[in-house]
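Student: Let me begin by handing over the structure; questions about it come next.
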Amino acid sequence: NAGVTQTPKFQVLKTGQSMTLQCAQDMNHNSMYWYRQDPGMGLRLIYYSASEGTTDKGEVPNGYNVSRLNKREFSLRLESAAPSQTSVYFCASSESTGTGQETQYFGPGTRLLVL
Amino acid sequence: GQSLEQPSEVTAVEGAIVQINCTYQTSGFYGLSWYQQHDGGAPTFLSYNALDGLEETGRFSSFLSRSDSYGYLLLQELQMKDSASYFCAVRDGGYSTLTFGKGTMLLVSP
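In order, the protein sequence lines correspond to chains A and B. Sequential numbering from 245 applies to the first sequence in my numbering. Sequential numbering from 945 applies to the second sequence in my numbering.
Set out below in structure tokens:
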């Protein structure tokens, strides 16, 4: 049981290049999320998927696209990378409980540097 | 929208007790969560409060006052390994996403 996995762990891009960050979870969770974390800014939601086949914008979606490939996988794509997208990207998944609690489980993160 | 306020940094010594406060403003409220993140690591869930009062899990406790829009995380018998960032997070609806605070960095010294 690996939980949430992300690839790659590190990536360096030049401005204008594209790339896709991969995320997979093996907990059979319905909901998946992409966050970015910058120093002093906490975790900011980029996109999320409440269930297979649906995606919605979060707080900071500009410059990103997502695909919920199936229940396990949720990818994040940067079509034309910019230095402002230098960040640490976390994927997470969750499942609601009857109490209203929804614990999110995070992947190890992808550290992206855009030059 | 939602906003959360927590101190940026707290320092304490081993064996001490420390309290990390969180105040929030939301249009609705569906619970306050706390997450821990060690440097370079992934955030991990610590606790959740939906109702007023104190929830205890080992050395960690979390408190909520919905009328004051306020909560705190209490860490007792501090250990060096507790040095990490701590984030409070809220949901404002029955099926909505979490909004995280900017985090409090806890530094535990010998």
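Beta carbons: idealized from backbone N, C-alpha and C, even for Gly.
Opposite F1004 of chain B in the DSSP bridges: which residues?
Tutor: According to DSSP, F1004 of chain B bridges with B:T1001 and B:L1019.
Student: So which residues of chain A does G1047 of chain B contact, with C-beta pairs closer than 7 Å?
Tutor: What G1047 of chain B touches in chain A: G286.
Student: Could you tell me whether the Cβ atoms of I964 of chain B and Y1030 of chain B are closer together than 7 Å?
Tutor: Yes, the pair counts as a contact, with Cβ atoms nearer than the cut-off.
Student: Whose C-beta lies closer than 8 Å to the C-beta of Y349 of chain A among residues of the same chain, with five residues either side of it excluded?
Tutor: Hits under 8 Å: G247, V248, Q269, M271, H273, A336, S337 and S338.
Student: If you reduce the DSSP assignment to three classes, tell me which class Q329 of chain A lands in.
Tutor: Correct three-state label for Q329 of chain A: helix.
Student: What is the DSSP secondary structure of M1024 of chain B, counted as helix, strand or coil?
Tutor: Reduced to three states, the DSSP call for M1024 of chain B is helix.
Student: Just checking, does the region 953 to 960 of chain B make contact with the region 971 to 982 of chain B on the three C-beta pairs under 8 Å criterion?
Tutor: No, the region 953 to 960 of chain B is not in contact with the region 971 to 982 of chain B.
Student: Compare the C-alpha of Q969 of chain B against each of B:V1034, B:Q981, B:E999 and B:T1001 and name the closest.
Tutor: The candidate whose alpha carbon is nearest that of Q969 of chain B is B:V1034.
Student: Return the first residue and the last residue of the beta strand (DSSP E) that V962 of chain B is part of.
Tutor: Run containing V962 of chain B: V962 to Q969, per the beta strand (DSSP E) assignment.
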